[in-house]
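>
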Amino acid sequence: MALYYPVGMMLANTINDDVAFEAPAEFQVAKGSRAVAAAAALIDREVTQTKWVANKPFIFPSSMLDNMPNFQMGLVYAVSRFAIEMTDVLGRTRGSSQADADLDKASGLLKYDGTIWVWEPSTSLMPTASAERQYIAGQKALVRYNERLGEGNAVYDKRADNLIVFLARVGSDLGSASAALDQRAMGSDAGWFDTQADDIFYAAKGRLYGYFILLREIGIDFAEVIAEKKVDKAWAQMLGSLKTAAVMDPLVVSNGANDGLAVPSHLAVQGFYLLRARTQLKEVENILLK
802 MALYYPVGMM LANTINDDVA FEAPAEFQVA KGSRAVAAAA ALIDREVTQT KWVANKPFIF
862 PSSMLDNMPN FQMGLVYAVS RFAIEMTDVL GRTRGSSQAD ADLDKASGLL KYDGTIWVWE
922 PSTSLMPTAS AERQYIAGQK ALVRYNERLG EGNAVYDKRA DNLIVFLARV GSDLGSASAA
982 LDQRAMGSDA GWFDTQADDI FYAAKGRLYG YFILLREIGI DFAEVIAEKK VDKAWAQMLG
1042 SLKTAAVMDP LVVSNGANDG LAVPSHLAVQ GFYLLRARTQ LKEVENILLK
């Protein structure tokens, strides 16, 4: 019994930042969206295969994990934002007020609180929908949309102006992540002993990883637009910055001085690459406008 928690934590702990990840064949749809396939596959990987840990109660060893749940929630947040932008911008005809039903359902379900388990006595004594249940339902809605897209029965408006709007919204979201990193980096100098720094670091890592995978696939979906506008180089540079930030993996997250040698600031380094990616996103937008 004394080994239940430490061994269980060790077996459950998985932070999957594989930048070579691609949607398996069962998620790929001919004439569908690679980005939507990747979004659905990421949910499947984290919820069904790796297992969702952010909502586990104390009876599970994984409830004691810290970095993994923050990474998972950051990743699903990025997928949720992608689903929202698909609903609002890319998945509808310009000027249309009609949202795609499956995209609308997915974007709503993926916003669900990732910490909710099947029973939340603080709010109700009755069983409730778990985060896993909602996320899997959202994933299935994305798959349905992509299948209809492949059949020619859904919209994916791959125009430069839509891509500009999408990138601007991603950039705005990266700005909020940057603000959280900066606030903690400037608000504490506890170094190796900052117990909140790793929470913020891994939440940002998950978000950056999610955006890296999704933007890489968006680049393939919009390959004709990117080639026509000659934005290939700037796009690759932006992905490179996201990738560098997403794979940062310090043994212990330190929140020291920005110029610290013995006690570095991993938040500041992560924030640097995040801001560089955001600047490069803006550069891509400017080129697309020409």
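Just so you know, we're using my numbering here: the sequence shown kicks off at 802 and counts up by one. Positions of the beta carbon are idealized from the N, C-alpha and C atoms, including for glycine.
#1: In the structure shown, what three-state DSSP assignment does Asn871 receive?
#2: Distance, Cα to Cα, Arg985 vs Phe872?
#3: Can you have a look at Val1053 and say buried or exposed, based on whether 16 or more other CB atoms are within 10 angstroms of its CB?
#4: Which residues in the same chain have their Cβ closer than 7 Å to the Cβ of Ile1019, if we skip the five residues on either side of it in sequence?
#5: What first and last residue would you give for the alpha helix (DSSP H) that runs through Ile816?
#6: Check Ser1066 in the structure and name its three-state DSSP category.
#7: Give the DSSP-derived three-state secondary structure of Asn1087 in the structure shown.
#8: Given that a residue counts as buried once 16 or more other Cβ atoms are within 10 Å of its Cβ, and exposed if not, what is Ser1055?
#9: At the level of alpha carbons, what is the spacing between Asn868 and Val830?
#10: Return the chain-ordered list of same chain residues with a C-beta closer than 7 Å to the C-beta of Thr815, the five sequence neighbours on each side being excluded.
#11: Can the beta-carbon of Gly915 be found less than 8 Å from the beta-carbon of Met887?
#12: By Cβ distance, which residues of its chain are closer than 6 Å to Lys912, with the 5 residues on each side in sequence left out?
#13: Looking at Asp901: is its Cβ nearer than 8 Å to the Cβ of Ala955?
#14: By the 10 Å Cβ neighbour count, where 16 or more other Cβ atoms means buried, how is Ile860 classified, buried or exposed?
#15: What is the DSSP secondary structure of Gly833, reduced to helix, strand or coil?
#16: I need the straight-line Cα distance from Glu823 to Leu1040, nearest angstrom please.
#17: Would Ala1028 be called buried (16 or more neighbouring beta carbons within 10 Å of its own) or exposed?
#18: Give me the Cα-Cα distance between Tyr1003 and Ser979, rounded to the nearest whole angstrom.
#19: Closer than 8 Å is the cut-off here; do at least three beta carbon pairs connect the segment 902–909 with the segment 934–945?
#20: For Arg1017, which three-state DSSP category applies?
#21: Taking its Cβ as the centre, do 16 or more other Cβ atoms sit within 10 Å of Glu952, making it buried, or is it exposed?
#22: Count the other CB atoms, across all protein chains shown, that sit within 10 Å of the CB of Asn1087; report buried if there are 16 or more and exposed otherwise.
#23: Which of helix, strand or coil does DSSP assign to Arg970?
#24: Count the C-beta pairs between the segment 1005–1024 and the segment 1066–1081 that are closer than 8 Å, then say yes if the count reaches three, no if not.
#25: With DSSP as the reference, label Met1049 as helix, strand or coil.
#26: How is Gln899 classed by DSSP in three states: helix, strand or coil?
#27: Pull up the CB-CB distance for Leu910 and Gly939, whole angstroms please, since I reckon it's below 8 Å.
Taking the definition as stated:
#1: In this structure, Asn871 counts as helix in the three-state DSSP scheme.
#2: In a straight line, the C-alpha of Arg985 is about 17 Å away from that of Phe872.
#3: Under this definition Val1053 is an exposed residue.
#4: Taking C-beta separations shorter than 7 Å and ignoring five residues to either side along the sequence, the partners of Ile1019 in its chain run Ala836, following chain order.
#5: No alpha helix (DSSP H) holds Ile816; DSSP gives it neither H nor E.
#6: Strand.
#7: In this structure, Asn1087 counts as helix in the three-state DSSP scheme.
#8: With 16 or more other Cβ atoms from the protein chains shown falling within 10 Å of its own Cβ, Ser1055 counts as buried.
#9: If you draw a straight line from the Cα of Asn868 to the Cα of Val830, it comes to about 33 Å.
#10: Leaving aside the five residues that flank Thr815 on each side, the residues in its chain whose CB is nearer than 7 Å to its CB run, in chain order, Thr851, Met869.
#11: For Gly915 and Met887, no; Cβs fall outside 8 Å.
#12: Here Lys912 has Ser881 as same chain residues with Cβ atoms under 6 Å from its own Cβ, once five neighbours each way along the sequence are excluded.
#13: Taking 8 Å as the cut-off, the beta carbon of Asp901 is found closer than this to the beta carbon of Ala955.
#14: Burial call: exposed.
#15: Coil at Gly833, not helix or strand.
#16: In a straight line, the C-alpha of Glu823 is about 15 Å away from that of Leu1040.
#17: Flag for Ala1028 reads exposed.
#18: In this model, Tyr1003 and Ser979 are separated by some 13 Å (Cα to Cα).
#19: Contact between the segment 902–909 and the segment 934–945 is present, with at least three C-beta pairs closer than 8 Å.
#20: If DSSP states are grouped into helix, strand and coil, Arg1017 belongs with the helices.
#21: For Glu952, the number of other beta carbons within 10 angstroms of its own is below 16, and it is reported as exposed.
#22: With fewer than 16 Cβ atoms within 10 Å of its Cβ, Asn1087 is classed as exposed.
#23: Looking at Arg970 - three-state DSSP - the assignment turns out to be helix.
#24: Three or more pairs of CB atoms, one per stretch, sit closer than 8 Å, so the segment 1005–1024 contacts the segment 1066–1081.
#25: In the displayed model, Met1049 falls within coil according to three-state DSSP, outside both helix and strand.
#26: In this structure, DSSP gives Gln899 a state outside helix and strand, which the three-state scheme calls coil.
#27: That belief holds up - the Cβ atoms of Leu910 and Gly939 are roughly 3 Å apart, short of 8 Å.
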